[in-house]
Amino acid sequence: MRAWQIVSPNGIDALELSEQRSPEPGPGKVKVRIRASSINYRDLGTVRDPVSRKLPYPRIPNSDGAGEIIAVGSGVTGLSKGARVASTFFQRWTDGQCSAEAMASALGGALDGVLAEEAVLGADGVVPIPDHLSFEEAATLPCAALTAWNALVEAARVKAGDTVLLLGTGGVSIFALQFAKHMGARPIIISSSDAKLERAKALGAAHTINYRKTPDWDRAVLDLTNGVGVDATVEVGGAGTLPKSIAATRVAGTISLIGVLAGGQIDPAQFMRKSIKMQGIYVGSRRMFLDMNRAIAVGGLKPVIDQTFAFEKARDAFHTMEAAGHFGKIVIRV
Ligand SMILES: NC(=O)c1ccc[n+]([C@@H]2O[C@H](COP(=O)([O-])OP(=O)(O)OC[C@H]3O[C@@H](n4cnc5c(N)ncnc54)[C@H](OP(=O)(O)O)[C@@H]3O)[C@@H](O)[C@H]2O)c1
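The sequence shown runs 0 to 333 under numbering that gives the first Met the number 0.
Set out below in structure tokens:
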């Protein structure tokens, strides 16, 4: 079987496609014929700089994969050959709170990932995928979708009628837009691009703001919320956007801290004065993934895929994410 591997700290163009022995599933494991893998910003970061992440290489990148089970190890119940499954980002976070043990089980990080024709995963490290989704669509779920779900449902407990603020139009934010709309919330989304904002409107964004043309987007959000601010913010920018996110969030609202796309500084007094609830989010558990898939199936939600690449063109897929022109997800067919 073939697998892409990080073999040096020399970035995307140094990724290597290698022939490897087909892995066999031990007790409690399943072997999956991976059919598609999606890229997350984190995977791009890992490929570009494995050293600062203390990643041993060679290492197979990417947490997100979908395919069918082709072999089942001893002791596995409830899963059989032919089952359509997706990988869970953490191989050992089934339920409850995140833990150091769970964090040491991230695919494409502490463990080899799924940018490969085959992968051996824990029986609890896969979930069944909704019937209406293709492998390409299902491969977008493990990281970006679950992170958005965790932020809105678990952290912010968003309900119908709430207003939510979404930053940018990448994988996490577009899933958050779809979930917010599905839950009857009112999404406000900001982007650097009017064309992307038009697409966001078509997906159900109630209000759109171009953060390049309107650098004081926090004021624009306040204007849209009668000066009150949004109930929940899905924060992917980090220190560079947090001060404005705090300003745009209502008193005692929730900010889910997810990403670090924009550098900057934060004044902690801002949180204190507005009684903001700030929740760090690290993807989510297997139980959350099952809950999310149920909602996706009931709502018939379809992930938004910007582009799909052939397996051999995986490097181009990473370069495309690096260029940041995408809307939604980038997928590699395996
Ligand atoms: N904590 C977790 O568990 C977790 C999970 C998934 C992702 N993340 C993090 O979340 C972030 C987003 O991940 P992703 O996979 O969705 O990335 P992505 O698909 O590459 O999306 C990035 C998008 O963010 C927008 N953006 C960039 N700088 C911005 C700024 N200053 N203000 C507002 N929007 C900005 C841009 O949208 P426009 O082009 O529309 O402007 C860009 O396309 C990354 O930092 C990633 O590491 C964390």
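All C-beta atoms, glycine included, are put in the ideal place defined by N, C-alpha and C.
Looking at residue i: is its Cβ nearer than 8 Å to the Cβ of residue j?
i: E153; j: M287; result: yes
i: K28; j: G121; result: yes
i: I187; j: A205; result: yes
i: A175; j: A201; result: no
i: E117; j: P22; result: yes
i: A35; j: A65; result: yes
i: A231; j: D161; result: yes
i: T139; j: V330; result: yes
i: A115; j: R32; result: no
i: Q278; j: S255; result: yes
i: T87; j: P127; result: no
i: V125; j: A85; result: yes
i: T240; j: A261; result: yes
i: I69; j: W3; result: no
i: P49; j: Y40; result: no
i: T207; j: L223; result: no
Go to residue i, then tell me how far its beta strand (DSSP E) extends in each direction, as first and last residue.
i: Q4; result: R1 to Q4
i: L196; result: Run containing L196: none in the beta strand (DSSP E); it sits in the alpha helix (DSSP H), D193 to A201.
i: T207; result: H206 to N209
i: L78; result: Taken as a continuous stretch (DSSP letters only), L78 belongs to no beta strand (DSSP E), as it is neither H nor E.
i: S17; result: E15 to E18
i: R52; result: Run containing R52: none; DSSP gives neither H nor E here.
Measure the C-alpha to C-alpha separation of residue i and residue j and round it to an integer number of angstroms.
i: K276; j: K180; result: 22 Å
i: A247; j: G228; result: 5 Å
i: L165; j: V233; result: 5 Å
i: V303; j: K328; result: 6 Å
i: D193; j: V6; result: 39 Å
i: D266; j: S284; result: 31 Å
i: R156; j: Q19; result: 45 Å
i: R52; j: N225; result: 43 Å
i: R272; j: A101; result: 34 Å
i: T76; j: D217; result: 51 Å
i: A103; j: A309; result: 30 Å
i: D111; j: Q90; result: 11 Å
Can you look up residue i in the DSSP assignment and give me helix, strand or coil?
i: D230; result: strand
i: D215; result: coil
i: A103; result: coil
i: S36; result: strand
i: I69; result: strand
i: F174; result: helix
i: A118; result: strand
i: E23; result: coil
i: T87; result: coil
i: A154; result: helix
Just to confirm the assignment, what range does the alpha helix (DSSP H) spanning residue i have?
i: T146; result: L145 to W148
i: P242; result: L241 to A247
i: A137; result: F134 to A137
Practice prompt. Return the chain-ordered ranges of every beta strand (DSSP E) run that is complete within the stretch 263–332 and spans a minimum of 3 residues.
Written response: Runs of the beta strand (DSSP E) inside the stretch 263–332: 276–279, 304–308 and 328–332.
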